[in-house]
Amino acid sequence: MPLHLIALAAAAFGIGTSEFVIMGLLPNVAQDLQVSIDIAGLLITGYAMGVVIGAPIMAIITARLPRKATLIGLASTFVVGNLLCALAPNYGLLMAARVFTAFCHGAFFGLGAVVAADLVARNQRASAIALMFTGLTLANVLGVPLGTALGQVAGWRSTFWVVSGIGLLAVAALAAWLPARIPMQPGNILREFKVLRDARVVWPLAASVLASAALFCVLTYIAPLLREVTGVSERGVTGVLLLFGVALTVGSTLGGKLGDRNLEVSLRRIFIGLLLVFLALSQAIHALAPMLVMTFIWGVLGFAVVPLLQTLIVDQAADAPNLASTLNQGAFNLGNAGGAWLGSVALGHGLPLTDLPWMSAGITAAVLLLTLWGTRYYGRDAGATLAGQQAGALTPSRSDA
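For what it's worth, my numbering labels the leading residue of the sequence shown as 2, then goes sequentially.
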């Protein structure tokens with residue numbers, strides 16, 4: 002793996018650990034700060050909304066700045082935010098620190114994906130983006146379960162201290178291994194917002210929102226679901242999170258390879274698979290063995306869509322790749338916030354944890370329909386298909402001759 006991709010992946014590892022580790026620590030945070038589980042779950046929603054709000058703001062602020070300096074600055078913001086999380090004395094300040102930390106997230110992953118894609122050949126773009134996102138998946142393989150275990154033993158604040166240290170190492174890697182001069186396209190960031198009028202870009206952004214909402218509607222509450230429904234011990238939750246993280250790593254790699262071959266067909270098939278997985282998960286959560294099997298398949302398919310949608314948007318928004326890629330990170334996290342919020346509302350109104358997979362199945366059905374429509378009429382091959390149909394209509398058939 003090229004050193005610049007290792008640097009990007011290292012930063013992605015730290016950011017991903019910070020974002021997701023809170024899910025394994027929700028019961029601990031709720032008990033320490035004396036709030037309910039559904040209120041503690043809003044820490045995930047708050048982070049996600051910070052990404053949604055911060056992504057376009059940071060895109061505008063950093064539009065004309067050198068790419069290397071921008072990535073280092075964003076990673077440094079992440080370090081400061083996690084230090085504030087570790088020091089937060091109450092729920093309100095922890096929420097504020099989470100939102101502050103999230104401001105760097107969308108811009109970093111958006112710009113990082115563009116840089117990763119620009120530094121390789123065109124037929125390797127999806128794989129390069131997937132390699133960068135390997136850091137995010139490794140965060141789920143190692144960062145989240147180890148951070149959860151550390152937080153359960155030494156207190157949840159200790160996890161954020163360690164994550165801050167990881168962030169400092171990532172800043173050093175970016176400074177050492179990113180090329181000094183990274184090509185950047187000149188342009189007017191406000192003019193780039195016109196990309197939001199293009200249906201070829203808008204539908205994948207909407208798909209990112211829905212796909213992420215389906216994922217996080219269940220994943221946000223995975224710790225209480227495992228403990229209260231499946232009957233897993235506190236230590237067992239760490240093991241399941243480790244399994245899920247391995248699945249995410251496999252899924253990211255799989256998505257990159259599929260994206261380099263036949264992106265849109267792969268996207269449709271994965272969403273069909275996810276729909277079936279959520280339906281099966283609604284029954285599997287009552288027993289450990291089937292729960293483990295479905296959790297692994299869920300993780301593989303759930304993260305395979307990330308490089309596919311990211312690559313699709315970068316390709317479709319050729320005139321504004323930086324902004325579109327950054328906005329896609331905002332879209333993923335809008336779905337993150339929406340899924341966590343839907344789960345919180347459902348639980349707050351007395352619905353059982355076992356209803357969450359059914360909700361995710363409904364959201365996945367919606368994103369599948371959107372993808373079938375989008376790839377048919379506004380996909381990368383739609384124009385070529387239409388041209389072929391028109392050419393066929395103008396060519397006399399044998400019966401006409």
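Glycine is no exception: its CB is placed at the ideal position from the N, C-alpha and C atoms.
How is the alpha helix (DSSP H) around valine 210 delimited, first residue to last?
On the sequence shown, residue 210 is found 209 positions in, with the first residue counted as 1. Valine 210 -> alpha helix (DSSP H) spans 200-220.
Looking at C-alpha atoms only, which residue of Leu147, Lys195, Leu6 is the closest neighbour of leucine 179?
Looking up residue 179 in the sequence shown gives position 178. When C-alpha distances from leucine 179 are compared across Leu147, Lys195, Leu6, the shortest belongs to Leu6.
From Asp199, Leu352, Gly344, Thr312, pick the residue whose C-alpha is nearest to that of methionine 133; which is it?
Reading the sequence shown from its first residue, position 132 is the one you call residue 133. Distances from the CA of methionine 133 to each of Asp199, Leu352, Gly344, Thr312 were compared; the closest alpha carbon is that of Thr312.
Assign tyrosine 378 to one of two classes, buried (16 or more other C-beta atoms within 10 Å of its C-beta) or exposed (fewer than that).
Locating residue 378 in the sequence shown gives position 377, counting from the first residue. Residue environment: tyrosine 378 is assigned as exposed (fewer than 16 neighbouring CB atoms within 10 Å of its CB, all protein chains considered).
Which residues in the same chain as leucine 34 place their Cβ atom closer than 6 Å to its Cβ, once the five residues preceding and following it in sequence are excluded?
Counting from 1 along the sequence shown, the entry for residue 34 is found at position 33. Leaving aside the five residues that flank leucine 34 on each side, the residues in its chain whose CB is nearer than 6 Å to its CB run, in chain order, Tyr92.
Report back the beta-carbon spacing between threonine 327 and serine 253 to the nearest angstrom; my notes put them in contact at under 8 Å.
As a first step, residue 327 must be located in the sequence shown, where it is residue number 326. As a first step, residue 253 must be located in the sequence shown, where it is residue number 252. In fact, because the Cβ distance is near 19 Å, the residues do not count as touching under 8 Å.
Is arginine 182 helix, strand or coil by DSSP?
Within the sequence shown, numbered from 1, the residue matching residue 182 stands at position 181. In the three-state DSSP reduction, arginine 182 falls in the coil class, being neither helix nor strand.
Label alanine 177 either buried or exposed according to how many other C-beta atoms from any shown protein chain fall within 10 Å of its C-beta, with 16 as the threshold for buried.
For this step, residue 177 is matched to residue 176 along the sequence shown. Taking a 10 Å sphere around the C-beta of alanine 177, we find fewer than 16 other C-beta atoms and assign the residue as exposed.
Hey, which unbroken runs of the alpha helix (DSSP H) at 4 residues or more fall wholly within the region 133-176?
Counting only runs of 4+ residues, the alpha helix (DSSP H) found wholly inside the region 133-176 occupies 145-155, in chain order.
What number of angstroms, rounded off, separates the C-alpha of histidine 350 from the C-alpha of aspartate 39?
By one-based count along the sequence shown, residue 350 stands at place 349. By one-based count along the sequence shown, residue 39 stands at place 38. Histidine 350 and aspartate 39 have their alpha carbons spaced roughly 10 Å apart.
Please list the terminal residues of the continuous alpha helix (DSSP H) segment that includes glutamate 20.
Reading the sequence shown from its first residue, position 19 is the one you call residue 20. Glutamate 20 -> alpha helix (DSSP H) spans 4-25.
For tyrosine 222 and arginine 228, what's the separation of their Cα atoms in angstroms?
As a working mapping, residue 222 is identified with position 221 in the sequence shown. As a working mapping, residue 228 is identified with position 227 in the sequence shown. Going from the Cα of tyrosine 222 to the Cα of arginine 228 covers about 10 Å.
Can you name, in chain order, every residue of its own chain whose Cβ lies under 6 Å from the Cβ of leucine 94, other than the five neighbours on each side?
For this step, residue 94 is matched to residue 93 along the sequence shown. Excluding positions up to five away in sequence, the list is empty.
Since threonine 254 is in the alpha helix (DSSP H), which residue starts that stretch and which ends it?
Translated into the one-based positions of the sequence shown, residue 254 becomes position 253. From DSSP, the alpha helix (DSSP H) with threonine 254 extends over 235-285.
Is it buried or exposed for valine 196, if we count other Cβ within 10 angstroms and need 16 for buried?
As a working note, residue 196 is residue 195 in the sequence shown. Classification for valine 196: buried.
Reduced DSSP category for glycine 232 - H, G, I as helix; E, B as strand; rest coil:
Position 231 of the sequence shown, counted from the start, is the residue given in the question as residue 232. Three-state result, glycine 232: coil.
Have a look at Leu211, Cys218, Pro205, Leu302 and flag the residue whose alpha-carbon is nearest the alpha-carbon of valine 251.
One-based indexing of the sequence shown puts residue 251 at position 250. Selected option, being the one with the closest Cα: Leu302.
8 Å Cβ shell around leucine 373 - same chain, five flanking residues per side excluded
Here residue 373 refers to the residue found at position 372 when the sequence shown is read from its first residue. So the list reads Arg269, once near-sequence residues are dropped.
Is the beta carbon of threonine 102 closer than 8 Å to that of serine 19?
Taking the first residue of the sequence shown as position 1, residue 19 is located at position 18. Taking the first residue of the sequence shown as position 1, residue 102 is located at position 101. Between serine 19 and threonine 102, the gap from beta carbon to beta carbon is short of 8 Å.
Exposed unless 16 or more other CB atoms sit within 10 angstroms - verdict on valine 154:
Taking the first residue of the sequence shown as 1, we reach residue 154 at position 153. Counting every other CB atom within 10 Å of its CB across the protein chains shown gives valine 154 a total below 16, marking it as exposed.
Three-state class that DSSP yields for leucine 65 in the structure shown
Position 64 of the sequence shown, counting from 1, holds the residue named residue 65. Checking the sequence, you will find arginine at residue 65 rather than leucine. Coil, per DSSP.
Could you say if the region 57-65 and the region 79-91 meet the contact criterion of at least three C-beta pairs nearer than 8 Å?
Between the region 57-65 and the region 79-91, the count of C-beta pairs closer than 8 Å stays below three; the two stretches do not touch.
Asparagine 334 to serine 159 span [Cα, whole Å]
In the sequence shown, the residue the question calls residue 334 occupies position 333. In the sequence shown, the residue the question calls residue 159 occupies position 158. About 25 Å.
Closest to isoleucine 73 by CA distance: which of Cys218, Ala290, Ala171 is it?
For the purposes of this step, residue 73 is taken as the residue at position 72 of the sequence shown. If we check each option's Cα against that of isoleucine 73, Ala171 comes out closest.
Below 8 Å between beta carbons: does that hold for valine 22 and valine 145?
Reading the sequence shown from its first residue, position 21 is the one you call residue 22. Reading the sequence shown from its first residue, position 144 is the one you call residue 145. Taking the C-beta atoms as reference points, valine 145 is found nearer than 8 Å to valine 22.
Three-state secondary structure (DSSP) at leucine 120?
For the purposes of this step, residue 120 is taken as the residue at position 119 of the sequence shown. In the three-state reduction of the DSSP assignment, leucine 120 falls in the coil class.
Would cysteine 218 pass as a contact of leucine 357 if the rule is Cβ separation under 8 Å?
Working through the sequence shown from its first residue, we reach residue 218 at position 217. Working through the sequence shown from its first residue, we reach residue 357 at position 356. With contacts defined by Cβ atoms closer than 8 Å, cysteine 218 and leucine 357 form a contacting pair.
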